Amino acid sequence: DMLQPTAWVLRDDVELEVPISSLKSGDLVVIGPGESVPVDGVIVSGVASIDQHPDVARMIDECDALALGGRALCHITLVAQELGTEPDFVEFMTPVCKYFCTEAGSRAADLAIQVMGGYGYLREYGAEQNWRDNRICAIYEGTNGIHARTTATRSLTLNDGAGARAFAAFLRDSDPALEEGAGQWEAEAQRISGGGHAARDAHRFMELTCDLAHRAAWGRLKSVAEQAPDSSRLQRLAASVLGELGDLRAAG
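Mapped onto our numbering, the consecutive letters of the sequence shown carry residue numbers -17 to 234.
Next comes the structure, spelled out in structure tokens:
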């Protein structure tokens, strides 16, 4: 006889290994030391899958959103470059795309290790290799620190600030909900370009710029999500990205 797949469950405060076929409503599936979740909603087609656990699903969704958002930003910038109609926007977005995508890759690879738990940390499963392979991307082709400084200096003043104005317009055109964020970003850009603290504030300003750019990309994806074959997935991911903007703190 073939061995039946089993799961560890908690019954009467005792951990038991039972066949999956014998799981019943009310059982608590053990998912880690001292941690268990109700079996209802966790068992799919008779097999427990880790993506049904809420925290794991959250991490997988974040990886998905980062990948799609980064691709969208690069595609938007590439289209503008090929059309040749928005050179100032392309000039501004080039370091932003490089910074966002390489940082997002590291974040997603790190989350993938966490999703797999101890297996993710082991070399034979490949997840840690993805993290190490991606890590170099924030270093070559100009370190991300250099791109952040470029955005906080040259990008804000080139052609009398045409790139910065194009970026703010991109935010507003992508999602009406970004109006406040665009205004706060413009205030930060003006403060940095006029206050002589660009080098000190470059990292924080680049993080703000990338966060808003990512939201703008997802604003556009959300607007066409219903036309996609997997519209529910895109709408779910858009909702996770397009949360309310928190207060943007000015540097002291």
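Backbone N, C-alpha and C define an ideal beta-carbon position, used for all residues, glycine too. These numbers were taken from a predicted model, which means no experiment stands behind them.
Counting C-beta atoms within 10 angstroms of its own C-beta, Ile174 has 16 or more neighbours from the protein chains shown and is therefore classed as buried. Non-local beta-carbon contacts of Ala90 in its own chain, meaning distances under 6 Å to residues more than five positions away in sequence, involve Cys45 and Leu48 in chain order.
In the three-state reduction of the DSSP assignment, Glu85 falls in the helix class.
Contact annotation, Ser222 with Asp43: C-beta distance approximately 6 Å; criterion of less than 8 Å satisfied. Here the region 67 to 74 does not lie against the region 119 to 129, with fewer than 3 beta-carbon pairs under 8 Å apart. Taking all protein chains in view, the Cβ of Thr132 is crowded by 16 or more other Cβ atoms within 10 Å, so the residue is classified as buried. In the structure shown, the three-state DSSP call for Tyr122 is coil. Restricting attention to Ala159, Glu170, Cys119 and Gln166, the CA atom closest to the CA of Ala198 is found in Ala159. Annotation for Ala146: Leu138 and Ala171 place their beta carbon closer than 6 Å to its own, counting only its chain and skipping 5 residues before and after. The three-state secondary structure of Val72, taken from DSSP, is helix.
Apart from the 5 residues on each side of it in sequence, Ala180 sits with its Cβ closer than 6 Å to the Cβ of Ala134, Thr135 and Ile174 in its chain, given in chain order. For Ile174, the enclosing alpha helix (DSSP H) stretches over residues Glu161 to Gly177. By the CB criterion at 8 Å, Glu106 and Ile95 fall outside the cutoff.
Taking the Cα positions, Gly108 is about 13 Å away from Val97.
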